[in-house]
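Enquirer:
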Amino acid sequence: MKPNKLRRHLETSYQEHKDKPVDFFRRKLLNCRAQQSRFTKAASVPSNAQLASYKVAYRVAQCKKPHTIAEELILPAAIDMVSTMIDDATASKLKAIPLSNNTITRRIYDMSKDIEEQLNNKIRDNRFALQMDEATDSNKDCLLITYVRFIDADDLREDLLFCKLVTRRATADELFNIIDTYLKEADLKWDDCVGICTDGAQAMAGRRGGLQALIKRVSPNVQWTHCMIHREALASKQMSPELNDVMTDIIATVNYIKTRPVKARIFCALCEEMGSDHTAVLFHSESRWLSRGKVLSRVFELRDKIRIFLEEEGNELANKFNNNNFLMKLAYLSDMFQKLNELNLQMQGTNTHLPQLADKITSFTRKLEMWEQKVKEGNIDLFENLKSFTEVNKLQNTVILCMTTHISAPQKHFQSYFPVQDPAKYDWIRNPFSATPPSDFSTAEQEQFIDVPSDSTMRLQFKSKALAAFWIGVEKDYPVLGRRALAILLPFATSYLCEIGFSAVASIRTKYRSKLDIENELRVAVSQLHP
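For reference, each letter of the sequence shown is one residue, going 25 to 555 in my numbering.
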């Protein structure tokens, strides 16, 4: 500022100081700087205390707990432990760690952005596959969760890409816009996307106006996969009218007991008096993959207690539990759906791929053929509950006919949802050292397929590495063949990770935390990367 303007400001605003000497103003300047120094020192946080704050915030997010737990529980508990185990002076140092609700929120936000940047840097200019699903949470917000699988160093890595709020209808256009906008902001290219996996909903799977159709317009070579776990659940859902009546009666029985608190307590007391391992039946939910099998197994286990309870209540459903024909069908259904649950569990998990799950489906369809033949011969050894029940009660022909009809039905449904393919189709991926090359191989692929079995280094790596890691190594030396194999191994075969993500959302976003910014919380809670 010009001197004359400074002089005018002094004379008009500070007339009492206009005749003071220069030393007076110098002392004022030094005093002001000293005050600034004291404030800066008081407001600063020691670096180790700040690091401790981030570590506590990371654990809070990982455990999906409210942010206030850090200041209300963790810090007082830590002070109590340190003062007890060491001394009060050391414990007092913990008070310097900032752990307020807002501080934990900022820490989680910082870590989430750091993890997101790490992830995007790994994906950028790299091939990747996506799995996505949308659902409504307890706050009635529609969320779109998307996971990504990509090649990281010498293996495949899976991680949460994003969780976004769907502000309008969950149409294919709306979902595509959310995904497309994110990829552009993160500088990721659709051309690098080799596969997408969704459920069979029209908005996702529609060939003309669905999400897969919109994605294929911008990335024609992308491979769409209908989640194999969803397909398995749909294929096993259909039942004959006769068995469907049994299932309806079972659900009615469960609802009669579970929806009335007094009756539920009385039934619990009855089971305890009779020495049962379990004291409650389970609610049935169509949307849960394993629900039907668990409900049937529990009802069959507690069938005698349920009969006594219903007779005491005067409920006509008690007659069902006195009917051996009904109980045999119940035993069969509990066994059958237990086997379907085992298949479902085998298909769950991380790092699954199409050849792996195709083997499990092929194996199960062959088992269905074998079970049907055994039942026709009167052999029910594979159905444990039914076998134990028929040791006392003679197996009825009507039940055998019902069983064979039901076992043959899933075979047709599985063939519909999982079209029959050559079992050896993926043998060249499973073991390139003993398989023959497919007929649709190009000349370059055939040439490199001959080279791999002759490479002793590759043979050693095949024995010591996971299948995906092995083919990533193959791609470095034999790029044409390796790229062909990874185009099959890289895409997701199920949307299992999205289901895990929605379970985490349910734990994080309770009715007491309904306004929480879920994306940052979820990313820190479930990501495999560390900030």
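Ideal Cβ placement from N, Cα and C applies to all residues, glycine included.
Of the residues Val529, Leu553, Leu154, which one's Cα is nearest the Cα of Thr21?
Expert: Not covered by the structure: residue 21. The range shown for the chain is 25 to 555.
Enquirer: Hey, is Leu167's beta-carbon within less than 7 Å of any beta-carbon in chain C?
Expert: Any reference to chain C falls outside this structure, which holds one protein chain only.
Enquirer: In this structure, does DSSP put Ala159 in helix, strand or coil?
Expert: As a working mapping, residue 159 is identified with position 135 in the sequence shown. Here Ala159 sits in strand by DSSP.
Enquirer: Distance check for Met360 and Trp395, CA to CA, integer angstroms please.
Expert: For the purposes of this step, residue 395 is taken as the residue at position 371 of the sequence shown. For the purposes of this step, residue 360 is taken as the residue at position 336 of the sequence shown. If you take the alpha carbons of Trp395 and Met360, they lie about 10 Å apart.
Enquirer: What separation, rounded to the nearest whole angstrom, lies between the Cα atoms of Val46 and Glu40?
Expert: For this step, residue 46 is matched to residue 22 along the sequence shown. For this step, residue 40 is matched to residue 16 along the sequence shown. The straight-line gap from Cα to Cα measures roughly 14 Å.
Enquirer: Could you say which of Ala288, Asp211, Glu543, Ala355 lies nearest to Thr167 if we only look at CA atoms?
Expert: Within the sequence shown, residue 167 is the residue found at index 143, counting from 1. Residue identity differs from the one stated: residue 167 is Leu in this sequence, not Thr. The shortest C-alpha separation from Leu167 is found at Glu543.
Enquirer: Taking the alpha-carbon of Ala85 as reference, which of Leu185, Asp215, Met135, Ile253 has the nearest alpha-carbon?
Expert: Residue 85 sits at position 61 when you count from the first residue of the sequence shown. Answer by Cα proximity: Met135.
Enquirer: Classify Glu523: buried if its beta carbon has 16 or more other beta carbons within 10 angstroms, exposed otherwise.
Expert: The residue given as residue 523 occupies position 499 in the sequence shown. The residue in question, Glu523, is buried, as its Cβ has 16 or more Cβ neighbours within 10 Å.
Enquirer: Reducing DSSP to helix, strand and coil, say where Val246 ends up.
Expert: Residue mapping note: residue 246 aligns to position 222 of the sequence shown, counting from 1. Here Val246 sits in coil by DSSP.
Enquirer: By the 10 Å Cβ neighbour count, where 16 or more other Cβ atoms means buried, how is His554 classified, buried or exposed?
Expert: Stepping through the sequence shown from its first residue, residue 554 is reached at position 530. So His554 counts as exposed.
Enquirer: Identify which residue in Arg255, Leu491, Pro434, Tyr206 has its Cα closest to the Cα of Phe457.
Expert: By one-based count along the sequence shown, residue 457 stands at place 433. Out of Arg255, Leu491, Pro434, Tyr206, Leu491 has the C-alpha closest to the C-alpha of Phe457.
Enquirer: Cβ of Lys77 within 7 Å of Cβ of Pro122?
Expert: In the sequence shown, residue 77 corresponds to position 53, counting from 1. In the sequence shown, residue 122 corresponds to position 98, counting from 1. In the sequence on display, residue 77 carries Ser and not Lys. Their beta carbons are under 7 Å apart, which means Ser77 touches Pro122 by this criterion.
Enquirer: Mind checking which residues open and close the alpha helix (DSSP H) that includes Leu168?
Expert: As a working mapping, residue 168 is identified with position 144 in the sequence shown. Segment 166 to 176 is the beta strand (DSSP E) holding Leu168; no alpha helix (DSSP H) there.
Enquirer: If we count Cβ pairs, one from each stretch, closer than 8 Å, do we get three or more for the segment 346 to 355 versus the segment 141 to 161?
Expert: Taking 8 Å as the limit for Cβ pairs, the verdict is that the segment 141 to 161 does not touch the segment 346 to 355.
Enquirer: Can you have a look at Cys56 and say buried or exposed, based on whether 16 or more other CB atoms are within 10 angstroms of its CB?
Expert: Taking the first residue of the sequence shown as position 1, residue 56 is located at position 32. So Cys56 counts as exposed.
Enquirer: Tell me whether the beta-carbon of Leu238 lies closer than 7 Å to the beta-carbon of Met228.
Expert: Within the sequence shown, numbered from 1, the residue matching residue 238 stands at position 214. Within the sequence shown, numbered from 1, the residue matching residue 228 stands at position 204. Against a cut-off of 7 Å, the Cβ pair of Met228 and Leu238 comes out as no contact.
Enquirer: Can you give the Cα-Cα distance for Lys65 and Lys188, rounded to whole angstroms?
Expert: Within the sequence shown, residue 65 is the residue found at index 41, counting from 1. Within the sequence shown, residue 188 is the residue found at index 164, counting from 1. Any reading at Lys65 is ruled out, since the residue's pLDDT is 49, under 50, leaving its predicted position unreliable.
Enquirer: Output the residue ranges of the beta strand (DSSP E) runs that lie fully inside the segment 354 to 397 and measure 3 residues or longer, sorted by chain position.
Expert: List check, beta strand (DSSP E) in window: nothing returned.
Enquirer: Tell me the DSSP bridge mates of Arg559?
Expert: It is not possible to answer for residue 559, since the shown part of the chain is limited to 25 through 555.
Enquirer: Applying the 10 Å Cβ sphere with the 16-neighbour rule, what's the burial state of Lys353?
Expert: Locating residue 353 in the sequence shown gives position 329, where the first residue counts as 1. When all chains shown are included, Lys353 counts as buried.
Enquirer: Thr518 and Met298 look like a contact to me (Cβ under 8 Å); what is the Cβ gap, rounded to whole Å?
Expert: Your numbering for residue 518 matches position 494 in the sequence shown. Your numbering for residue 298 matches position 274 in the sequence shown. About 41 Å; that fails the 8 Å criterion.
Enquirer: Taking Asp183 as part of the alpha helix (DSSP H), name the residues at either end of that continuous run.
Expert: Counted from its first residue, the sequence shown places residue 183 at position 159. Not the alpha helix (DSSP H): Asp183 falls in the beta strand (DSSP E), residues 179 to 190.
Enquirer: Can you say whether Leu336 is buried or exposed, counting buried as having 16 or more other CB atoms within 10 angstroms of its CB?
Expert: Here residue 336 corresponds to residue number 312 of the sequence shown, with the count starting at 1. Position check: residue 336 holds Glu in this sequence, whereas Leu was assumed. Looking at its Cβ environment, which holds fewer than 16 other Cβ atoms inside 10 Å, Glu336 is exposed.
Enquirer: Between the segment 285 to 303 and the segment 322 to 332, do at least 3 Cβ pairs fall closer than 8 Å?
Expert: Yes: the two stretches touch, three or more of their Cβ pairs being nearer than 8 Å.
Enquirer: In whole angstroms, what separates the C-alpha of Lys384 from that of Leu367?
Expert: Your numbering for residue 384 matches position 360 in the sequence shown. Your numbering for residue 367 matches position 343 in the sequence shown. Answer to the nearest angstrom: the Cα atoms are 7 Å apart.
Enquirer: Starting from Thr414, trace the beta strand (DSSP E) in both directions and tell me its first and last residue.
Expert: As a position in the sequence shown, residue 414 is number 390, starting the count at 1. Where Thr414 is concerned, there is no enclosing beta strand (DSSP E), although the alpha helix (DSSP H) it sits in stretches over 408 to 414.
Enquirer: Hey, could you find the ends of the alpha helix (DSSP H) Val423 is sitting in?
Expert: Locating residue 423 in the sequence shown gives position 399, counting from the first residue. Note, Val423: alpha helix (DSSP H), 421 to 441.
Enquirer: Can you tell me whether Thr467 is helix, strand or coil according to DSSP?
Expert: Position 443 of the sequence shown holds residue 467. DSSP places Thr467 in helix when its eight states are reduced to three.
Enquirer: In the structure shown, what three-state DSSP assignment does Ala81 receive?
Expert: On the sequence shown, position 57 is the one that residue 81 refers to. Residue state, collapsed to three classes: helix.
Enquirer: Quick one: Cα of Ala196 to Cα of Gly233, how far?
Expert: Translated into the one-based positions of the sequence shown, residue 196 becomes position 172. Translated into the one-based positions of the sequence shown, residue 233 becomes position 209. Those two C-alpha atoms are separated by around 7 Å.
Enquirer: By DSSP, does Ile202 sit in helix, in strand, or in coil?
Expert: On the sequence shown, position 178 is the one that residue 202 refers to. The answer is helix: DSSP assigns Ile202 an H, G or I state.
Enquirer: Closest by CA to Leu99, which one among Lys89, Ser124, Ile110, Met109?
Expert: Taking the sequence shown and counting its residues from 1, the one referred to as residue 99 is at position 75. Closest by alpha carbon: Ser124.
Enquirer: I think Gln435 touches Asp183, with their Cβ atoms under 8 Å apart; what is that distance to the nearest whole Å?
Expert: The count along the sequence shown starts at 1 and reaches residue 435 at position 411. The count along the sequence shown starts at 1 and reaches residue 183 at position 159. Not quite, the Cβ-Cβ distance comes to about 38 Å (not below 8 Å), so this is no contact.
Enquirer: Could you tell me the alpha carbon to alpha carbon distance between Arg312 and Arg255, rounded to whole angstroms?
Expert: Residue 312 sits at position 288 when you count from the first residue of the sequence shown. Residue 255 sits at position 231 when you count from the first residue of the sequence shown. Using only the alpha carbons, I get a separation of about 13 Å.
Enquirer: Is it buried or exposed for Asp223, if we count other Cβ within 10 angstroms and need 16 for buried?
Expert: Indexing the sequence shown from 1 puts residue 223 at position 199. Result: buried.
Enquirer: Could you say which of Tyr206, Val504, His437 lies nearest to Thr467 if we only look at CA atoms?
Expert: As a first step, residue 467 must be located in the sequence shown, where it is residue number 443. Comparing Cα positions, the closest option is Val504.
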